[in-house]
Amino acid sequence: MPQRIRILDKSVCEKIAAGEVVQNPASVVKELVENSIDAGATRIEVEIERGGKELIKVSDNGEGIEREDVGKAFLRHATSKLADEKDLARIGTLGFRGEALAAISAVSVINLTTRTRQSIEGTLYAIERDREVKCEETGCAPGTCIEVRDLFYNTPARLEYLKSASQEASAVHDIVARLALARLDISFKLISGGRTLINTPGNRNLEDTIASVYGRNTLEDLFPVKCHDDGVAITGLVSKPHGSRSNRTYQSFFINGRFVRSRVIAKALEDAYRTLIMVNRYPMAVLYFKLDTEAVDVNVHPAKLEVKFREEERIRRAVYSCVRTALEKGRWIVRAPAKTPAVFSKPEKTSESPALQKNDQRVQKPRVVEETVEYNRIEMDNNIEGGSSKIPPMKVVGQFLSTFILAEGQDCVYIIDQHAAHERIMYEQLTGHLREGKMASQALLEPVVVDVSPIEMEAVRENLSLLSAIGYIIDEFGAGSLLVRAVPVFFGVPQSKEFLNEVISGLIRQGNKDSQGLKQDDIIRMACKKAVKANQRLSPSEMDNLIQELMKTDMPFTCPHGRPVFVTLTRYQLEKMFKRIV
Ligand code: ADP
Ligand code: MG
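Counting in numbering that gives the first Met the number 0, the sequence shown runs from 0 upward without gaps.
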């Protein structure tokens, strides 16, 4: 039985985060779909034309609205989900403000049909710019179907602000994707310009839903995480180090079933991938959080997209340790292209990306791109139960191009980038020394004067403790100069003046956004870059040594910049390439 709709008291309204709910088609879709979810629907279909600028249609099989209540639903602060202030502290539904339908109907033309399961007749209701134009009986299936046409037709300024149809459609895709991932038990369909872009099974299966939303290929780049830490339960899938993306669109966080954007979570997630992925790459993640409703406030953002954690630090720590621990347990060895090169055989077509799913004959060009991607795909081994050392046993057989070490493993050959390997070793050793306060420093017999600009001086002043932690003793010396009394010693080599310049520009580049830890990391990475051997002939014992040292590291699979240290070719791949097996 649907709850009756009532108008909220003024006192409750004043406690609700106010602001614009409707900025673009995607925000309309979000509000309408959330209403369908709140109405207990198990099937929700979204249809848009011209990115939603012309038409947004959302149909559901939810509980419907009683005829006498339909008009009320479009009034401000009319809701069936909240009775009084007390309810605000424990919101269980997605909506609770009673503002969305009012806001949408003020800037569009709406047609709604709805029927509750208890009534034999449905209601057809039309409202145009806040004015009811129709309310009559109609025959329809139980549930609600709402059509929003000509969004912002009466507010030209906002109409102007909308992006192109394809950009708006992609924003709608993103939001429906997130809503579908939030509710694996509901079947979602998104149709844009007659093409089905999303069609989830609603079978509670995360993998199936991701496959429907982002394409089945995406699953190969992901692995599961699960943990319960300090009152925070986290489950979901995150990317393997080499499954990273060029932006954050593929990061979705759900708190108690609600999709939220959260800088705290994104930052903690990205910190967990530190030194495992390259700069300007972002891990993909679909993470579900279970928290006490008291531990999170959803009433801080008009579209409820942002939340406030009562204890941010607890969330941050939980995310970081959950993901980092899983990453550290994995065996992330890059497998050389699984398919034989295109000259030998053409890669077969793989499942299509979501944007070009289903019978669309027009899109031909991206096929070529897909083949290239398939051929270059990097595959990872993820053996979470891996042995005591992360690296499988191997025997060095030689060096190639003075740059790569070739080693023989069980049923495979490893190709190791000696530079990347050495960088990883040095990075972890320096980090270890720094953590234990064992960083070596050398006092200069003659202090050196280094001239700096005012900005550089500022950066030095702000980071004195960090600089001293890595081994510098620096004083200010007049207006634009520093007096350097001691310098760090990395692997027995006292660092030059140039290195200090590099460190200072690094500090400026980073600004004060990031934590000390991150800056420290960067300085260590700079140090590694300088000290590491590259393009160098190595003796067999030097190579053995390098592998032995690499075995001792925590994360041997990437250099500190996130590039791979190993690539492997398996017996199977070789036999396939040589046509020993078919
Ligand atoms: P809120 O979701 O915050 O309550 P809305 O303006 O989004 O406010 O919706 C107002 C009311 O209209 C809801 O409380 C609900 O009772 C009713 N309603 C809206 N959409 C649906 C739907 N798809 N199915 C059933 N009831 C709905
Ligand atoms: Mg709502």
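Even for Gly, the Cβ is constructed at its ideal location relative to N, Cα and C. Quantities reported herein were computed from a predicted structural model and do not represent experimental measurements.
Distance, Cα to Cα, residue i vs residue j?
i, j, result
"Glu455", "Ser320", "35 Å"
"Leu537", "Lys518", "32 Å"
"Ser514", "Tyr571", "46 Å"
"Thr567", "Ile415", "9 Å"
"Val285", "Arg334", "25 Å"
"Leu466", "Phe565", "33 Å"
"Arg5", "Val57", "23 Å"
"Gly622", "Gly39", "No answer is possible for residue 622: it lies beyond the span of the chain, which begins at 0 and ends at 581."
"Ser238", "Val224", "10 Å"
"Leu97", "Ala72", "Strictly speaking, residue 97 in this sequence is Gly, with Leu absent from that position. Their backbone Cα atoms lie some 7 Å apart in a straight line."
"Gly477", "Glu501", "22 Å"
"Ser464", "Ile233", "36 Å"
"Leu7", "Glu53", "32 Å"
"Lys85", "Ser504", "53 Å"
"Arg148", "Val299", "30 Å"
"Phe288", "Asp207", "20 Å"
"Leu326", "Lys578", "36 Å"
"Ile404", "Thr569", "16 Å"
"Ala125", "Leu183", "32 Å"
"Val27", "Lys80", "19 Å"
"Ile276", "Pro559", "8 Å"
"Lys551", "Thr430", "14 Å"
"Val322", "Ala25", "30 Å"
"Val231", "Ile43", "30 Å"
"Asp450", "Met438", "26 Å"
"Ala420", "Thr199", "43 Å"
"Asp474", "Leu482", "5 Å"
"Asn34", "Leu506", "48 Å"
"Asp228", "Asp129", "49 Å"
"His76", "Gly214", "40 Å"
"Asp59", "Pro1", "14 Å"
"Met576", "Ser243", "28 Å"
Residue i: buried (16+ other C-beta within 10 angstroms of its C-beta) or exposed?
i, result
"Gln494", "buried"
"Gln166", "exposed"
"Thr557", "buried"
"Asn534", "exposed"
"Glu269", "buried"
"Phe258", "buried"
"Asn23", "buried"
"Glu457", "exposed"
"Ser401", "exposed"
"Phe343", "Interpretation of Phe343 is limited by its pLDDT of 34, a score under 50 that renders its predicted location unreliable; the figure taken from the coordinates is listed afterwards. Flag for Phe343 reads exposed."
"Val32", "buried"
"Ile390", "buried"
"Val106", "buried"
"Ile29", "A small correction: the amino acid at residue 29 is Lys; Ile does not occupy that position in the sequence shown. By the 10 Å Cβ count, Lys29 comes out buried."
"Phe399", "exposed"
"Val278", "exposed"
"Lys394", "exposed"
"Lys357", "Per-residue confidence for Lys357 stands at a pLDDT of 39, beneath the threshold of 50, marking its modelled position as unreliable; the derived number appears in the next sentence. Exposed."
I'd like the span of the beta strand (DSSP E) that includes residue i, first residue to last.
i, result
"Tyr152", "Tyr152 -> no beta strand (DSSP E), and no H or E assigned at all."
"Ile119", "Segment: none, Ile119 is in no beta strand (DSSP E) and carries neither H nor E."
"Val132", "130-137"
"Glu44", "42-48"
"Leu189", "186-191"
"Ile225", "One detail in the question is off: residue 225 reads as Lys in this sequence, not Ile. Looking at the DSSP string, the run of the beta strand (DSSP E) that includes Lys225 is 221-228."
"Ile233", "231-238"
"Arg194", "194-198"
"Asp59", "54-59"
Starting from residue i and walking both ways along the alpha helix (DSSP H), at which residues does that stretch end?
i, result
"Phe498", "496-509"
"Tyr213", "205-213"
"Val451", "Taken as a continuous stretch (DSSP letters only), Val451 belongs to no alpha helix (DSSP H), as it is neither H nor E."
"Ile174", "164-181"
"Cys321", "311-328"
"Pro539", "539-550"
"Ile36", "24-37"
"Asp68", "66-72"
"Leu100", "99-104"
"Lys575", "570-576"
* Does the region 174-190 touch the region 240-260, meaning 3 or more C-beta pairs lie closer than 8 Å? -> Counting Cβ pairs under 8 Å, three or more are found: they touch.
* Asked: Touching or not, the region 432-446 and the region 484-498, by the rule of three or more beta carbon pairs under 8 Å?
  -> Between the region 432-446 and the region 484-498 there are three or more C-beta pairs closer than 8 Å, enough to call the two in contact.
* Asked: Going along the chain, which unbroken runs of the alpha helix (DSSP H) with 4 or more residues stay wholly within the region 241-295?
  -> Listed in chain order, they are 262-271.
* To do: Just list the beta strand (DSSP E) runs in the region 376-437, keeping only unbroken ones of 3 residues or longer that don't cross its boundaries, in chain order.
  => Within the region 376-437, the complete beta strand (DSSP E) runs of at least 3 residues are 394-399, 403-408, 411-416.
* Quick one: which unbroken beta strand (DSSP E) runs of 3-plus residues sit fully inside the region 458-490? Chain order, please. => You should have 472-475, 480-489.
* Quick check: the region 106-117 against the region 137-146, are there 3 or more CB pairs under 8 Å? -> By the Cβ rule, the region 106-117 counts as touching the region 137-146, because three or more pairs are nearer than 8 Å.
* Please list, in chain order, all residues with a C-beta atom less than 6 Å from at least one heavy atom of the ligand GDP. => Questions concerning the ligand GDP fall outside what the structure shown contains, since the ligands it does hold are the ligand ADP and the ligand MG.
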